[in-house]
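If you use our numbering, the sequence shown closes out at 586, no skipped numbers anywhere.
To start, the structure under review is shown below, and the notes come after it.
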Amino acid sequence: MDRRVIWALVLMMVIAIVPSFLLKSPVKNPSVATADSLSTSTTVPSTGADSQPTAHAAPPVATVRGDSASGLRAEDTVHVQSPLYDYAFSTRGGRLIQVTLPTYRSMALVAPPSTGAAARPVLRASAEPLQMIPAGASVNDFVMLVGRDSIRLDDWDLTPSTKRLSVSGPSSLTLTGSRNGSTVELTYTFKPDDYQIGVKGQIRGIGPNGGTLLVGMGHGLQQTEADSLANHNEYGVVTKANDTDLTRFSKLTPGEQKTFTGPFEWVAVKSKYFVTALLALDSSATRISGVTATPLPTQEKHPLAADVRLSLPLNPSGNFGYSLYAGPMEYHRLSLIGHGFDDVNPYGWPGLRTIIRPVALVVRSLLVWMHTHLSLPYGLVLICFGIMVRLILWPLNQKAMRASMAMQALQPQLKVIQDRFKDEPQKLQQEMFKLYKEHNVNPFGGCWPMLIPMPVLFALFFVFQNTIELRGAHFLWLPDLAQKDPFFILPVVMGLSMYGLSKVGQIGMESNPQMKMMLYLMPAMMTFLFFSFASGLNLYYTVSNLASIPQQWLLAKERLRRQAANAVPVVEVKTKKQRT
7 MDRRVIWALV LMMVIAIVPS FLLKSPVKNP SVATADSLST STTVPSTGAD
57 SQPTAHAAPP VATVRGDSAS GLRAEDTVHV QSPLYDYAFS TRGGRLIQVT
107 LPTYRSMALV APPSTGAAAR PVLRASAEPL QMIPAGASVN DFVMLVGRDS
157 IRLDDWDLTP STKRLSVSGP SSLTLTGSRN GSTVELTYTF KPDDYQIGVK
207 GQIRGIGPNG GTLLVGMGHG LQQTEADSLA NHNEYGVVTK ANDTDLTRFS
257 KLTPGEQKTF TGPFEWVAVK SKYFVTALLA LDSSATRISG VTATPLPTQE
307 KHPLAADVRL SLPLNPSGNF GYSLYAGPME YHRLSLIGHG FDDVNPYGWP
357 GLRTIIRPVA LVVRSLLVWM HTHLSLPYGL VLICFGIMVR LILWPLNQKA
407 MRASMAMQAL QPQLKVIQDR FKDEPQKLQQ EMFKLYKEHN VNPFGGCWPM
457 LIPMPVLFAL FFVFQNTIEL RGAHFLWLPD LAQKDPFFIL PVVMGLSMYG
507 LSKVGQIGME SNPQMKMMLY LMPAMMTFLF FSFASGLNLY YTVSNLASIP
557 QQWLLAKERL RRQAANAVPV VEVKTKKQRT
């Protein structure tokens, strides 16, 4: 292979992979801020072009949790359950205070209770159903801004229509309350097989000028992954207007509020695999007019949490409506919602996303289909996929290798032409292309087929980074194909397979220092890079290398036969002056 092609491949790998190391933010303490740190002042997002240009702090209002002196009833919880979820709503303002997903488990490593002074705690994943919302936090809490007054609903007693709701079909929960001449009615609707929650409300008595409704989306999601660093790096707020925009919490400036001016179709707060979102998709209804994200105090250099609040204009009737999504980022569910909501979990970095995303979606769909319809574990799916890709590319690789052989056979003639016309660049180019045409050789024919597997490899990198279906998929000694090999066996095997593939591919080729250097440099470099990559990606690349060796061996034999058959003297190419 031309060494320029090899260096092009190396540069492509570096450009695509190195940013994954640079974008990671160091996290010393993986725990999210405690509930006490969440007592920040309520902020008002910009509400669009007609609003003030910057966000401003709302008048502080005391939050009353209820005791005999305040006259409020004790806070109660209403559970709404289906096979997919267990949502818990507080009667204090109708807030969503708990999201439990029975079909998922937290992989965050925790120390079990100590069994004695000499006991040494062993970190392990919890066997309990996954909790999305951190303790003490909430989603969908309301603050009404009417004139110069702010009214927080989280100190209002609301009366629920039921104390517990089991969802086997379309169901609803209504909470009502009143205070000082104002009444609030909230209605939540649920489906048993959907993580979307319909939200409709009416606030009466806000006056003829209407107001603004602030909806709190919490300060982030619970740490649920074994790799807390990778999970924290994905914490962020996503907004959708014409395009989707992700702002990671780690990129916010501590102590400074970030304001986003709408209108937006939806706004989401996400982690690596889970998301809560407010979706205002009805074009005839009120859109989200603005968002603020205020980093919470932390001991870390980069924020791990931020108080995210959305603003919706309230007309004098006080009616509002939207949908909440609180659940996993399962692509098929997100894509069914439409409006680009599936892009809340982006594949690829800006700039490369247009190329990588379509390939990644096809690869993801194929892997999930093979797992579901063929009843294969994801490890075997990756082995079959790696072999299948190589079989599909076999004819192209065959053509590329033979084009490379033809180029190799022309090297003596090319050397003579280069020596004869080294001072005549234009004539040199003409003679070279004439030689290619006479022998029906495409000088680039051996290059582009080599590049076809690269988008698949890059796509798999993002598939393992973002696809929840691969989360926790184990195979042989690998506890999770989406995480690195804990024993670093696969990266070493992958490097050896790459060395073997290169060694076989150089049989019959004239040795030179560059080729010898690349024979050792490329496998060593790739092994080092793949140490921290998902074990599933290592498995695929190892299988792909091994599946390529038989073809390389057959082509090497063909190359040796051609060299034996073509061992003829080189015809000297004369210049025009020499011919005369």
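Note that the Cβ used here is the ideal one computed from N, Cα and C, for glycine as well.
This one's a predicted model, so the numbers in the text were calculated from it and none came from an experiment.
Cut-off 6 angstroms between Cβ atoms - residues of its own chain near residue i, not counting five sequence neighbours on either side
i: Y110; result: L136
i: T292; result: L318 and P319
i: S603; result: Missing from the structure shown is residue 603; the chain here goes from 7 to 586 and no further.
i: L181; result: G100, L164, P166 and L192
i: T195; result: S178 and G204
i: G183; result: W162, D163, L164 and V190
i: W559; result: V510
Cβ neighbour criterion (16 or more within 10 Å) applied to residue i
i: T282; result: buried
i: K522; result: exposed
i: S172; result: exposed
i: Q489; result: buried
i: T168; result: exposed
i: P89; result: exposed
i: G296; result: buried
i: V369; result: buried
i: Q424; result: exposed
i: T587; result: Only positions 7 to 586 of the chain appear in this structure, which leaves residue 587 out of reach.
i: V116; result: exposed
i: D429; result: exposed
i: D155; result: exposed
i: K246; result: buried
i: S174; result: exposed
i: T360; result: exposed
i: D199; result: exposed
i: A80; result: exposed
i: P492; result: exposed
i: P529; result: buried
i: P334; result: buried
i: S381; result: exposed
Alpha-carbon spacing of residue i relative to residue j, whole angstroms
i: P260; j: P303; result: 7 angstroms
i: L316; j: W375; result: 38 angstroms
i: F494; j: S277; result: 27 angstroms
i: M138; j: L227; result: 6 angstroms
i: V152; j: G142; result: 27 angstroms
i: H238; j: P431; result: 56 angstroms
i: V462; j: L372; result: 12 angstroms
i: T106; j: T97; result: 18 angstroms
i: M113; j: A232; result: 5 angstroms
i: F280; j: M394; result: 32 angstroms
i: F427; j: S508; result: 34 angstroms
i: R339; j: L287; result: 16 angstroms
i: Q512; j: E336; result: 45 angstroms
i: I294; j: D348; result: 19 angstroms
i: H85; j: G216; result: 32 angstroms
i: T40; j: L310; result: Bear in mind that the predicted position of T40 carries a pLDDT of just 35, short of 50, making it unreliable; the figure below should be weighed with that in mind. Each residue's alpha carbon lies about 11 angstroms from the other.
i: F326; j: M223; result: 17 angstroms
Anticipated Cβ contact below 8 angstroms, residue i with residue j, distance rounded
i: V244; j: V350; result: 5 angstroms
i: P485; j: T533; result: Rounded, the Cβ-Cβ distance is 21 angstroms, inconsistent with contact.
i: G506; j: I555; result: 6 angstroms
i: L220; j: F148; result: 7 angstroms
i: Q202; j: S329; result: 5 angstroms
i: V499; j: T548; result: 5 angstroms
i: A332; j: L159; result: With 8 angstroms as the limit, A332 and L159 do not qualify as a contact, their Cβ atoms being about 19 angstroms apart.
i: L535; j: P459; result: In fact, because the Cβ distance is near 16 angstroms, the residues do not count as touching under 8 angstroms.
i: G242; j: T253; result: 6 angstroms
i: F298; j: Q263; result: The sequence shown places Thr at residue 298, rather than the Phe named in the question. Confirmed, Cβ separation roughly 6 angstroms.
i: H379; j: A312; result: At roughly 41 angstroms, the Cβ-Cβ gap does not stay under 8 angstroms, so H379 and A312 are not in contact.
i: V275; j: V314; result: 5 angstroms
Close-in-space but distant-in-sequence residues of the same chain around residue i (CB under 8 angstroms, 5 per side omitted)
i: L527; result: none
i: L487; result: Y384, G385, L388, F470, L476, A479, H480, F481, A540, S541, G542 and L545
i: A571; result: none
i: G592; result: The shown model of the chain, from 7 to 586, leaves out residue 592, and the question about it has no answer.
i: P176; result: T195, F196 and K197
i: T83; result: A94, F95, S96, T97, I103 and Q104
i: L285; result: Q202, E271, W272, Y328, S329, L330, Y331, I343, H345 and F347
i: Y91; result: V105, T106, L107, P108, Y201, A332 and G333
Beta-carbon proximity list for residue i, same chain, < 7 angstroms, skipping 5 on both sides
i: R396; result: S550, A553 and S554
i: R185; result: W162
i: G392; result: Y546, V549, S550 and A553
i: F266; result: T245, G296 and V297
Quiz item: Are there three or more Cβ pairs, one per stretch, closer than 8 angstroms when the segment 331-348 is compared with the segment 424-443?
Solution: no
Quiz item: Does the segment 464-476 touch the segment 267-274, meaning 3 or more C-beta pairs lie closer than 8 angstroms?
Solution: no
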